[in-house]
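K.L.:
full-length UniProt numbering numbers the first residue of the sequence shown as 1 and each following residue consecutively. Quick reminder that beta carbons are idealized off the backbone N, C-alpha and C, glycines included. Treat the numbers as computed from the prediction; the structure is a model and nothing was measured. Before I ask anything, let me first share the structure, which is written out below as structure tokens.
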Amino acid sequence: MRKLNFNNVRLRNKMLVLYAVCVFAPLVLTNAIFYQVTTKNVKNQRMTDISLAVEQIKNEFRAKIDDALALSTVFYTDYNLNEILEEEYEAPADYIAAYDSYFRRILNSYTPAYNSVQNIKIYIDNPTMLHSGGIGDLTKEVKQSEWYRALEESGSAHPVFVRTAKEDAYEFKEVRDTFSIVRRMDYYTSSRNKYEKILKIELKSTSLQQVFKNLNLQGHIYLIDASGKVEYTTDPEVDWRKDSPDYRTLEFPSDAIQIEKTYQNVNYLEGWRIVATISEEEVLLEVRKSRKFIVYVTCINIVIPTLIILWITRSLNVRLIRILRHMKKVKNQHFDTIDHKEHVDEIGQLTSEFNRMTLQVKSLIDDVYVADIQKKSLELERRQAQLNALQSQINPHFLFNALETIRMRSLIKDETETAKIIHNMAKIFRTSLRWNKDRVTASEEMEFIVCFLEIQKYRFEDKLVYDLYMDPEAEGCIVPKMSFVPFVENASIHGIEPNKGGGRIEVRIERQGDELVFRVSDDGAGMDEEKVKRIYAYLESDEAIGERIGVQNVIYRLKLIYGDKFGFTIDSASGKGTTICLRIPVA
1 MRKLNFNNVR LRNKMLVLYA VCVFAPLVLT NAIFYQVTTK NVKNQRMTDI
51 SLAVEQIKNE FRAKIDDALA LSTVFYTDYN LNEILEEEYE APADYIAAYD
101 SYFRRILNSY TPAYNSVQNI KIYIDNPTML HSGGIGDLTK EVKQSEWYRA
151 LEESGSAHPV FVRTAKEDAY EFKEVRDTFS IVRRMDYYTS SRNKYEKILK
201 IELKSTSLQQ VFKNLNLQGH IYLIDASGKV EYTTDPEVDW RKDSPDYRTL
251 EFPSDAIQIE KTYQNVNYLE GWRIVATISE EEVLLEVRKS RKFIVYVTCI
301 NIVIPTLIIL WITRSLNVRL IRILRHMKKV KNQHFDTIDH KEHVDEIGQL
351 TSEFNRMTLQ VKSLIDDVYV ADIQKKSLEL ERRQAQLNAL QSQINPHFLF
401 NALETIRMRS LIKDETETAK IIHNMAKIFR TSLRWNKDRV TASEEMEFIV
451 CFLEIQKYRF EDKLVYDLYM DPEAEGCIVP KMSFVPFVEN ASIHGIEPNK
501 GGGRIEVRIE RQGDELVFRV SDDGAGMDEE KVKRIYAYLE SDEAIGERIG
551 VQNVIYRLKL IYGDKFGFTI DSASGKGTTI CLRIPVA
């Protein structure tokens with residue numbers, strides 16, 4: 001197994017590895033664990049709070065019922081009240097006197113004491129009593145009511161808790177929106193129970209609604225009886241007042257959380273339960289709050305150490321790279337010292353020692369080798385002077401003088417055409433060799449083109465026909481010297497010359513707005529697609545052309561001068577001629 005080695009790793013990368021392994025990864029891992037533990041605890045705490053809220057609703061609801069149940073026990077065991085109810089009255093006035101003497105008093109004294117009680121009524125089949133003021137007639141219709149049948153079905157002396165309609169509404173109305181405690185008043189012996197007496201204590205609806213609207217519980221509450229029917233709910237989608245839907249048939253969101261509390265060992269609520277349904281989003285709301293806090297803390301714990309480490313790392317890395325860069329310069333004989341402030345750490349001392357060493361090496365080279373180099377330079381200059389002297393013997397002026405002699409001789413012999421061609425050739429040579437003037441006007445460039453075409457006309461005679469056009473507005477525009485002539489040369493040599501029947505060349509120089517447009521067209525041999533692509537490739541190449549001339553030379557020069565501001569297009573096909581268009585900005 002290959003041994004792990006950091007000696008070949010760059011210092012910057014070593015610092016990054018050190019930061020990632022020893023700082024970033026532990027911070028992320030620690031905060032991730034902290035986040036998981038915190039969110040779990042917050043969620044558990046929230047679920048506990050919700051469970052306690054449901055338990056509180058359960059206990060408060062039972063307390064309201066217990067108040068009514070305690071009041072029913074008072075009436076159930078009241079001997080005097082039982083005597084009044086069992087008495088047979090000869091006249092209504094006798095009943096009213098008994099009612100006013102006792103029953104009215106206990107109604108007025110107990111009802112205000114129990115704020116959860118809305119109404120108290122005793123149903124009795126005693127025909128000698130008046131059915132008003134808390135006394136109702138136990139008729140056949142009453143015995144057909146649901147609360148009476150529930151009492152019959154219980155078959156015990158214990159009170160029954162049942163949902164009923166309000167007493168002040170129509171008795172058998174479909175809307176049953178309150179609860180009542182119902183029990184038989186048969187506490188005393190059968191000899192004192194000539195009549196059937198039913199006590200019905202109605203609970204206050206607003207008091208019960210206040211219990212179920214717990215502000216700590218953002219969800220829906222369902223009160224479900226022993227058979228699974230919904231007797232009350234805060235869910236507006238469930239119409240519990242007119243019906244008792246089965247809880248199992250209700251549909252809940254997929255993320256709903258249900259918390260259930262069941263009444264046990266309570267005979268009048270045996271099997272009843274309170275169920276709360278809460279959206280998981282509500283439970284996770286506190287979790288998300290804690291998550292934001294953890295994310296902020298994590299970012300602070302990561303960003304601040306990262307900035308400090310980057311600051312310290314940069315102090316080391318930048319200075320070491322600067323020393324390395326200057327050492328490479330020394331290798332290439334550039335003895336530059338490092339500009340730096342005096343630092344007392346190891347890198348500062350290394351920088352100072354490098355500067356001292358560089359100055360010593362430079363001084364040594366100056367002292368030992370400069371004299372020898374100067375001696376050799378003098379020798380090279382002497383030899384160069386000798387070479388220049390030899391070259392001066394073949395001065396370009398010799399060529400021009402020779403051409404001028406031939407031209408004059410041709411004129412003496414009346415060979416005017418030959419003389420004209422020699423004059424044009426000398427003019428082109430003289431212009432091309434005078435590189436101290438590298439810019440000319442467009443009209444001067446057209447003169448070079450005319451000279452070249454006249455030479456070609458002398459060569460091809462009637463095989464070459466040309467047409468020239470110079471826009472008057474373009475005559476004074478400045479262009480690089482000899483930038484158009486090579487394209488005319490290509491049109492003549494590569495376009496017209498291969499055709500046995502000759503051909504035609506058209507040259508146009510025009511000004512279009514801020515651009516000078518040069519266009520040369522021929523009806524010669526043309527170029528295939530591969531050659532056109534090769535010429536276009538000159539536009540993309542940054543290769544120095546050295547001594548190469550021609551089209552590639554022109555394109556390279558125009559790129560150096562104009563950059564991407566000049567345009568170059570080719571329209572050509574084999575056997576169909578060629579059109580080349582140059583666009584350069586007007587200076």
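(1) Would you kindly work out how many angstroms separate the C-alpha atoms of G502 and E461, rounded to a whole number?
(2) Use the C-beta contact count for S145: other C-beta atoms within 10 angstroms, 16 or more gives buried, fewer gives exposed.
(3) Decide if E547 is buried, meaning its Cβ has at least 16 other Cβ atoms within 10 Å, or exposed.
(4) What span of residues does the beta strand (DSSP E) with T221 cover, start to end?
(5) I need the boundaries of the alpha helix (DSSP H) containing I84, first residue and last residue.
(6) Can you give me the Cβ contacts of R62 inside the same chain, cut-off strictly under 8 Å, excluding the 5 residues immediately before and after it?
(7) What did DSSP end up calling residue 594 once you bin it into helix, strand or coil?
(8) Does DSSP put K261 in a helix, in a strand, or in coil?
(9) Does the beta-carbon of M327 have 16 or more other beta-carbons within 10 angstroms, so that it is buried, or is it exposed?
(10) Look at the alpha carbon of Y458 and the alpha carbon of D372, and state the distance between them as a whole number of angstroms.
(11) Counting along the chain, where does the alpha helix (DSSP H) carrying I535 start and finish?
(12) Name the two residues that bound the continuous alpha helix (DSSP H) containing R10.
(13) Would you call H220 buried or exposed, if buried means 16 or more other Cβ atoms sit within 10 Å of its Cβ?
(14) Hey, out of I321, E55 and F252, whose CA is closest to R10's CA?
(15) Give me the Cβ distance between E202 and S180, rounded to the nearest whole Å; I'm assuming they're in contact under 8 Å.
(16) Terminal residues of the continuous beta strand (DSSP E) containing F484?
(17) Please identify the residue among H494, D528, G476 and E251 whose C-alpha is closest to the C-alpha of E510.
(18) Could you have a look at F139 and say whether DSSP puts it in helix, strand or coil?
(19) Let me know if K329 comes out buried or exposed under the rule of 16 or more other beta-carbons within 10 Å of its beta-carbon.
(20) Considering only the beta carbon of each residue, do R508 and Y469 sit closer than 8 Å?
(21) Would you report the Cα separation of S207 and E60, rounded to the nearest angstrom?
(22) Which word fits E445, buried or exposed, when buried means at least 16 other C-beta atoms lie within 10 angstroms of its C-beta?
(23) Just curious, the alpha helix (DSSP H) that N553 is in, first and last residue?
(24) Would DSSP call T30 helix, strand or coil?
(25) Relative to the C-alpha of A525, which candidate in R519, Y536, N499 and F518 has its C-alpha closest?
(26) Give the secondary structure of C581 by DSSP, where H, G and I count as helix, E and B as strand, and everything else as coil.
(27) Using 8 Å as the threshold, is the C-beta distance between residue 596 and P486 below it?
(28) Which of helix, strand or coil does DSSP assign to S154?
(29) How far does the beta strand (DSSP E) with T277 in it reach, from first residue to last?
(30) Looking at the structure shown, is S180 part of a helix, part of a strand, or coil, going by DSSP?
(31) Could you pull the start and end residues of the alpha helix (DSSP H) that M470 belongs to?
P.N.:
Taking the definition as stated:
(1) Within the sequence shown, numbered from 1, the residue matching residue 502 stands at position 502. Within the sequence shown, numbered from 1, the residue matching residue 461 stands at position 461. The alpha-carbon separation between G502 and E461 amounts to approximately 9 Å.
(2) Position 145 of the sequence shown, counting from 1, holds the residue named residue 145. Classification for S145: buried.
(3) In the sequence shown, the residue the question calls residue 547 occupies position 547. Interpretation of E547 is limited by its pLDDT of 42, a score under 50 that renders its predicted location unreliable; no figure is taken from the coordinates.
(4) As a first step, residue 221 is located in the sequence shown; it is residue number 221 there, counting from the start. Looking at the sequence provided, one finds Ile at residue 221 rather than Thr. From DSSP, the beta strand (DSSP E) with I221 extends over H220 to I224.
(5) Walking along the sequence shown from the start, residue 84 turns up at place 84. Counting along the chain, I84 sits inside the alpha helix (DSSP H) bounded by residues Y79 to E86.
(6) In the sequence shown, counting from the first residue as 1, residue 62 sits at position 62. Excluding positions up to five away in sequence, the list reads Y263, V266 and L269.
(7) Residue 594 lies beyond the stretch modelled for the chain, which goes from 1 to 587, so this question has no answer here.
(8) Here residue 261 is taken as the residue at index 261 of the sequence shown, counted from 1. When secondary structure is reduced to three states using DSSP, K261 falls in the strand class.
(9) Translated into positions along the sequence shown, residue 327 becomes position 327. Counting of Cβ neighbours within 10 angstroms places M327 among the exposed residues, the total staying below 16.
(10) Numbered from 1 along the sequence shown, position 458 holds the residue referred to as residue 458. Numbered from 1 along the sequence shown, position 372 holds the residue referred to as residue 372. Straight-line Cα distance between these residues: approximately 60 Å.
(11) Your numbering for residue 535 matches position 535 in the sequence shown. It spans E529 to E540 - the alpha helix (DSSP H) in which I535 sits, taken as one unbroken run.
(12) Mapped onto the sequence shown, residue 10 falls at position 10. DSSP places R10 in no alpha helix (DSSP H); its state is neither H nor E.
(13) For the purposes of this step, residue 220 is taken as residue 220 along the sequence shown, with counting starting at 1. By the beta-carbon neighbour count (other beta carbons within 10 angstroms, threshold 16), H220 is buried.
(14) Here residue 10 refers to the residue found at position 10 of the sequence shown. Closest by alpha carbon: I321.
(15) The residue labelled residue 202 in the question sits at position 202 within the sequence shown. The residue labelled residue 180 in the question sits at position 180 within the sequence shown. Rounded, the Cβ-Cβ distance is 5 Å, consistent with contact.
(16) Here residue 484 refers to the residue found at position 484 of the sequence shown. According to the DSSP assignment, F484 belongs to no beta strand (DSSP E), since it is labelled neither H nor E.
(17) Translated into positions along the sequence shown, residue 510 becomes position 510. Ranked by Cα distance from E510, the first of H494, D528, G476 and E251 is G476.
(18) Walking along the sequence shown from the start, residue 139 turns up at place 139. The question names Phe, but residue 139 in the sequence shown is Thr. In the structure shown, T139 sits in coil (DSSP, three-state: anything other than H, G, I, E or B).
(19) The residue labelled residue 329 in the question sits at position 329 within the sequence shown. K329 is exposed by the Cβ-count criterion.
(20) Mapped onto the sequence shown, residue 508 falls at position 508. Mapped onto the sequence shown, residue 469 falls at position 469. The Cβ atoms of R508 and Y469 sit closer than 8 Å to each other.
(21) For the purposes of this step, residue 207 is taken as the residue at position 207 of the sequence shown. For the purposes of this step, residue 60 is taken as the residue at position 60 of the sequence shown. In a straight line, the C-alpha of S207 is about 10 Å away from that of E60.
(22) For the purposes of this step, residue 445 is identified with residue 445 of the sequence shown, where counting begins at 1. With a 10 Å radius around the Cβ and a threshold of 16 neighbouring Cβ atoms, E445 comes out buried.
(23) Start at 1 with the first residue of the sequence shown, and residue 553 comes out as number 553. It spans V551 to Y562 - the alpha helix (DSSP H) in which N553 sits, taken as one unbroken run.
(24) Mapped onto the sequence shown, residue 30 falls at position 30. Correct three-state label for T30: helix.
(25) Working through the sequence shown from its first residue, we reach residue 525 at position 525. Ranking the options by Cα distance to A525, first place goes to N499.
(26) To locate residue 581, count along the sequence shown from 1; it is residue 581. In the structure shown, C581 sits in a strand (DSSP, three-state: E or B).
(27) A question about residue 596 goes unanswered here, because the residues of the chain that appear run from 1 up to 587.
(28) Within the sequence shown, numbered from 1, the residue matching residue 154 stands at position 154. In the structure shown, S154 sits in a helix (DSSP, three-state: H, G or I).
(29) Stepping through the sequence shown from its first residue, residue 277 is reached at position 277. Secondary structure note for T277: its beta strand (DSSP E) is the uninterrupted segment R273 to S279.
(30) Counting from 1 along the sequence shown, the entry for residue 180 is found at position 180. Correct three-state label for S180: strand.
(31) Against the sequence shown, residue 470 aligns to sequence position 470. That residue, M470, is in no alpha helix (DSSP H); its beta strand (DSSP E) goes L464 to M470.
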